[in-house]
Each structure stands twice: as structure tokens, then as C-alpha cells.
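Colleague: Count the sequence shown with my numbering and you get residues 46 to 374, in order. In this text, a Cβ means the ideal position worked out from N, Cα and C, and glycines have one as well.
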Amino acid sequence: MKKLFVIIIACCLIQTAVNSQNKPDSLVAKNSGPGTYKILKKDSGLIRIPFKMHNGKPLMDLEINGKKATLMIDNGILWDQVWLLGSPLVDELGLKPIEESTIGGTGEGDPTQAYTAKNLTLKFQDIEFYEQPVLVSPTSAGFAKAFPGADGQLCNTFFKHFIVEFDFIKMEILLHDPKSYKYNETGSILDMKLNETGTYSIPFDFVMPDGKEYKDRIDIDLGGIYPLKIALNNKHNIPLPSDVKTTFSYGIQGKTAEYRGVIQSMTIGKYRFENPTAIFGDEKTSRVHPNNLGVIGLPLFMKFNTIFDYFNNKLFLIPNKNFTSPFEN
Numbered sequence: 046m047k048k049l050f051v052i053i054i055a056c057c058l059i060q061t062a063v064n065s066q067n068k069p070d071s072l073v074a075k076n077s078g079p080g081t082y083k084i085l086k087k088d089s090g091l092i093r094i095p096f097k098m099h100n101g102k103p104l105m106d107l108e109i110n111g112k113k114a115t116l117m118i119d120n121g122i123l124w125d126q127v128w129l130l131g132s133p134l135v136d137e138l139g140l141k142p143i144e145e146s147t148i149g150g151t152g153e154g155d156p157t158q159a160y161t162a163k164n165l166t167l168k169f170q171d172i173e174f175y176e177q178p179v180l181v182s183p184t185s186a187g188f189a190k191a192f193p194g195a196d197g198q199l200c201n202t203f204f205k206h207f208i209v210e211f212d213f214i215k216m217e218i219l220l221h222d223p224k225s226y227k228y229n230e231t232g233s234i235l236d237m238k239l240n241e242t243g244t245y246s247i248p249f250d251f252v253m254p255d256g257k258e259y260k261d262r263i264d265i266d267l268g269g270i271y272p273l274k275i276a277l278n279n280k281h282n283i284p285l286p287s288d289v290k291t292t293f294s295y296g297i298q299g300k301t302a303e304y305r306g307v308i309q310s311m312t313i314g315k316y317r318f319e320n321p322t323a324i325f326g327d328e329k330t331s332r333v334h335p336n337n338l339g340v341i342g343l344p345l346f347m348k349f350n351t352i353f354d355y356f357n358n359k360l361f362l363i364p365n366k367n368f369t370s371p372f373e374n
């Protein structure tokens, strides 16, 4: 049996989202990640996982089935599989194909082949995850070269077992026990909503150069490389500003056009950013819900201690030292 996994790869630095062909009912949050886990540290304190930023992505060192590895973390779509990119690690693990899959993305070419393999064990210093499903791209697909320094990617393992906090100052992922975690009084709490596309969205608004305000929901993507990507060609009928510059996204199936321009402001929770640069694109250049405003990505989240609570469908933001720094263009 052949399954289709869709991966959208956009922009020069490339961003990803993966989605299996599940029915919409299966996308309902179950408050549980795949497989099981064991906490290895002796005390009952926080589980801390250090990470580093590399090519615009957070990377974590770990062991996979006893072999040293480096994985990216993403939550554009909470898919269960650990995605291995076809680096030499795949040969070291001796993974054998179980079921064929295909991977597609933007552009005009054909999808590339992939396969599922035997479940993995992921070991960090303080925690070990078992029975983790895996999707493997062959080396010939080129993903390992597209993400130098990374062997693969994961998301649901963390996000559906714990309340997950990203401290972008100390460069740590903190895994909180959902039964005991309490929000403090600072920051801003936003309601997350599961879309039928498999993405999650939050309330958001922005003001265009002509002064018109758009207020609705926007998709969240921790792996997104832009602070804000505005969706064109949907119910909002957002016009493309006249002074934008054309740029391009490079996907595994070809090249598509995007546009870059400055808008008046954008607001997330109680925080407002003046004159940010936004990217404009459509459903062909990024994974967005058809009727949402677009996608917000990692550069915006890095201005906060960002806490994802999929148990209660909440996103919690606390400004950090990056908050007043300008976005990089």
C-alpha cells in the first residue's frame, strides 16, 4: 500500500511541513504523543533539552537507537513520524523499508519516494522516548543536503506528551508536566484551534500599508522562516501592495514566486510590532488554512518564551530580551 506524505518546502533557506493522508477526524488532538517515554533524571524537576540555532532552525543532539544524531523540531503540522532525511545515519541504523510512501511539494515536478521503517528509540540526557514511528527519505531525494547539519525532524513526540516551552535566551526546551503546570500572570495567552488541514491557528491581526486592518486567525509554524507570511487568493481578498519585491521559493518540485513588502503593523496577543516586513504568497508556496490570514513563524516566536499547550489548546507568550530587536530581513 502506498501512502502520500505532503511536504511544503519554501524559500531559499527552506521550511517544511508534513502531513499524512489521515481523515479530518483523526486530526483531533488526543493529548498524547506517539509511543511511550521514561524520565531518566532522578529528581522531579523540569526536563531540559538544550538546542542550538543552525540555518534558522533549532537543532537538538540525541541518540537514536544508540547512534548519535541531530534533529530539528517543528510543529507546523503535528505529524507523528520522526522524519529522517536520508543522511548517513539511515545506513548506520540499518533501517529497512516497511511501506512505500511519496513526498511532494511546491513546483511542477514529480513527487519523490520515501518509506516507513521500524519504530525508533530517542534518547536525550533526561528522557527517553520509545516506539517512535519513522518516515525515511532516500539520500537521492536531496533533503539531507537541503538541511545541512540535521539528520531529521520531529514534533509530536514533545508537543503531545508535555507542555513545551522554548527559552530562546538560554537555548533550552523545557518539558513541563501538564498535570502540575501553572501559567504565571505575565505574558499573553492565546487560544489555539485545530484546522482541518492539520495546522493550528491563533487570533491575529495586521494593518496593510493603505491602513486597512485584517483581523482573523493565522496558522502557527515553529519551523516557519518568516515572522509573517500573508495569504493571498482567499476569502479576505488581501491586495498585493504596489511596492513589493518579487522573491522565490524553491521546492522539491520546482520554483514558485512570492513577494516581500513592509506593512504598517502586526499584533499578536497584546503585543504590537510596527512596520514589519511581510512575505505574501498563496496556498502553493506554504501550507496555510484556506481561509486564514497566513502563517507566523520562528522569527516571531523567538521574541518570546514561547509555550505550547496542546492539552488545553493554548499558546502562551512572555517577551524576552529579543523582543525589541528588529527582525532580520
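#1: Exposed or buried, what is Phe361 when buried is set at 16 or more other beta-carbons lying within 10 Å of its beta-carbon?
#2: Relative to the C-alpha of Ser185, which residue among Ser132, Asp354, Glu137 is closest?
#3: With H, G and I counted as helix, E and B as strand and the rest as coil, what does DSSP make of Leu345?
#4: Rounded to whole angstroms, what is the Cα-Cα separation between Trp128 and Gly232?
#5: With DSSP collapsed to three states, give me the class of Ser185.
#6: Looking at the structure shown, is Thr81 part of a helix, part of a strand, or coil, going by DSSP?
#7: Measuring straight from C-alpha to C-alpha, what distance separates Ile94 and Asp288?
#8: Under a Cβ-count criterion, where at least 16 other Cβ atoms within 10 Å of its own Cβ denotes burial, should Glu144 be classed as buried or exposed?
#9: Measure the alpha-carbon distance for Val307 versus Thr322 and round it to whole angstroms.
#10: Let me confirm a value: Ala302 is counted as buried when at least 16 other C-beta atoms fall within 10 Å, else exposed. Which label applies?
#11: Can you tell me whether DSSP reads Asp136 as helix, strand or coil?
#12: Just confirm the distance between the C-beta atoms of Asn358 and Asp250, as a whole number of angstroms; I'd bet it's less than 8 Å.
#13: Report buried or exposed for Phe293, applying the criterion of at least 16 other Cβ atoms within 10 angstroms of its Cβ.
#14: Which same chain residues, not among the five before or five after Asp70, have their C-beta less than 6 Å away from its C-beta?
#15: Provide the residue span of the alpha helix (DSSP H) that contains Phe203, from first to last.
#16: Within this structure, are the beta carbons of Leu343 and Gly269 separated by less than 8 Å?
#17: With DSSP collapsed to three states, give me the class of Ala195.
#18: Take Leu239 as the anchor and find which of Gly121, Gln170, Tyr259, Leu180 has the nearest alpha-carbon.
#19: If you draw a straight line from the alpha carbon of Phe207 to that of Gly101, how long is it in whole angstroms?
#20: As a quick exercise: from Ile341, Lys83, Leu130, pick the residue whose alpha carbon is nearest that of Leu267.
#21: Please return the same chain residues whose Cβ sits closer than 6 Å to the Cβ of Ile84, not counting the five positions on each side in sequence.
#22: Give me the residue from Gly111, Leu138, Phe349 with the minimum Cα distance to Lys315.
#23: Which word fits Thr291, buried or exposed, when buried means at least 16 other C-beta atoms lie within 10 angstroms of its C-beta?
#24: Can you find the residues in the same chain that come closer than 6 Å, C-beta to C-beta, to Phe368, ignoring five residues on each side of it along the sequence?
#25: So, with DSSP's three-state summary, where would you put Lys190?
#26: Give me, in chain order, the residues of the same chain whose beta-carbon lies closer than 6 Å to that of Met311; leave out the 5 immediate sequence neighbours on both sides.
Modeller: So, to answer that:
#1: buried
#2: Ser132
#3: helix
#4: 33 Å
#5: helix
#6: strand
#7: 43 Å
#8: exposed
#9: 4 Å
#10: exposed
#11: helix
#12: In fact, because the Cβ distance is near 20 Å, the residues do not count as touching under 8 Å.
#13: exposed
#14: Annotation note: pLDDT 31 at Asp70 (below 50); position unreliable, no value reported.
#15: 201–204
#16: yes
#17: coil
#18: Gly121
#19: 24 Å
#20: Ile341
#21: Ile172
#22: Phe349
#23: exposed
#24: Lys348
#25: helix
#26: Phe251, Leu273, Phe318, Pro321
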